[in-house]
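Heads up: the structure comes next, in structure tokens.
2 protein chains.
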Amino acid sequence: MHRSRLCSLIIDCHANDLGDAARFWSQALGRPVKAGTDTTQEKYIGLVTHDDEPVIELQKVEHPSRVHLDIESDDIEAEVRRLEALGARKVEAIQTWVVMEAPTGHRFCVVRPQRGGMGAHGNQWT
Amino acid sequence: MHRSRLCSLIIDCHANDLGDAARFWSQALGRPVKAGTDTTQEKYIGLVTHDDEPVIELQKVEHPSRVHLDIESDDIEAEVRRLEALGARKVEAIQTWVVMEAPTGHRFCVVRPQRGGMGAHGNQWT
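Line order of the protein sequences matches chains L and G. The first sequence stops at residue 126 when you use the numbering used here, and every number in between is there. The second sequence stops at residue 126 when you use the numbering used here, and every number in between is there.
Next up, the structure:
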């Protein structure tokens with residue numbers, strides 16, 4: 001038995017200055033950049049969202065800009081196997097997460113729980 | 001004075017069969033396809049999400065698969081002007097919504113409130 005749910009929107013930005021990108025999205029979505037972020041240096045910049053909202057992060061990337069989804073799970077291996085059985089393929093394991101590709105062509109990641117738990121609406125898989 | 005917030009994730013699918021795409025994402029995210037959907041015919045297929053989760057819809061598209069965000073607002077014209085002032089550009093008005101492009105290259109839409117209100121965390125702009 002393991003659990004998972006959609007947890008994050010990652011705004012992948014092909015941008016010279018991720019700080020500029022973060023300032024735009026912060027103001028567009030009305031969510032401040034996380035305090036203490038060095039916006040001139042970071043590969044990742046997080047926005048502050050409410051606990052019942054998705055995590056939102058900007059990531060500096062070399063590929064064209066896009067948005068990707070993260071699914072959090074308390075058992076990444078089991079979740080990857082579940083998603084493979086649905087037709088997704090494993091692309092790459094990076095540090096603590098796994099990059100996958102959906103049958104629809106979308107890349108997404110399976111990550112560890114981002115806020116300690118699964119909130120009120122986590123899925124339970126047996 | 002108007003209000004807005006991030007409301008929806010639209011999973012744009014370059015797919016022959018949007019029903020197959022919906023079945024994958026429904027199972028991956030653990031959210032059922034909306035009852036009564038004719039998955040063989042639709043350009044849009046919605047998943048059932050909780051009121052405190054983003055709206056999730058699949059859209060059949062001709063461009064490559066991607067994910068785009070929707071911002072809902074009780075005053076679309078004012079919201080478009082606000083986003084233009086932040087550096088976004090208006091791409092196209094379609095029916096009741098406006099397609100925009102962020103300075104980061106991401107396309108997104110400004111739409112009418114999707115669930116009647118703005119929930120607990122809508123932004124208020126003066």
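Quick reminder that beta carbons are idealized off the backbone N, C-alpha and C, glycines included. What you are looking at is a predicted structure, and each value in this text was computed from that prediction instead of being measured.
In the three-state DSSP reduction, A93/L falls in the strand class (E or B).
Comparing C-alpha distances from I10/G to each of E92/G, G46/G and D74/G shows the shortest one belongs to G46/G. Sequence-ordered contacts of the segment 2-20 of chain G with chain L read S4, R5, L6, L9, I11, C13, H14, A15 and D20 [C-beta pairs closer than 8 Å]. With a 10 Å radius around the Cβ and a threshold of 16 neighbouring Cβ atoms, M100/L comes out buried.
Within 9 Å of the CB of P54/L, the CB atoms of chain G belong to L6, L9, E53 and P54, in sequence order along the chain. If you look at S26/L, you'll find it in the alpha helix (DSSP H) that goes L18 to L29. A residue is called buried once 16 or more other Cβ atoms fall within 10 Å of its Cβ, and A21/L is buried on that count. Proximity to W125/G across K34/L, L29/L and K90/L peaks at L29/L, based on C-alpha coordinates. In the three-state reduction of the DSSP assignment, R115/G falls in the coil class.
By the neighbour-count definition (other C-beta atoms within 10 Å, threshold 16), G122/L is a buried residue. Listed along the chain, the chain L residues whose CB falls inside 8 Å of the CB of V80/G amount to none; the nearest CB is some 11 Å away. In the DSSP assignment, E79/L falls within the unbroken alpha helix (DSSP H) covering I76 to L86. In this structure, the straight-line span from the alpha carbon of Q27/L to that of A88/G is close to 11 Å. Distance from the CA of D70/G to the CA of W97/L, rounded to the nearest whole angstrom, comes to 27 Å. Spatial neighbours of A15/L in its own chain (CB-CB distance under 8 Å, excluding positions within 5 residues in sequence) are listed in chain order as A21, K60 and S65. Counting the other Cβ atoms within 10 Å of the Cβ of D51/L gives fewer than 16, which makes it exposed.
Ranked by how close their Cα comes to the Cα of D12/L, the residues G116/L, H68/L, R115/L and A78/L have H68/L in first place. Between the segment 70-84 of chain L and the segment 103-111 of chain L, the count of C-beta pairs closer than 8 Å reaches three or more; the two stretches touch.
Boundaries of the beta strand (DSSP E) around G46/L: Y44 to L47.
The Cβ-Cβ distance between Q95/L and V55/L does not fall below 8 Å.
By a beta-carbon distance limit of 8 Å, E72/L does not contact R31/L. Their separation comes to about 19 Å. Taken atom to atom, the span from the alpha-carbon of T104/L to that of A120/L is near 28 Å. The beta-carbon of T96/L is placed no less than 8 Å from the nearest beta-carbon of chain G. Here DSSP, grouped into helix, strand and coil, assigns H63/L to coil. Take the alpha-carbon of L18/L and the one of H106/G: they are about 14 Å apart.
Neighbours of R66/L in chain G, taken as residues at a C-beta separation under 8 Å, are given in chain order as R66, V67 and H106. Cβ neighbours of T49/L within its own chain (closer than 8 Å, five residues either side excluded): R31, V55 and I56.
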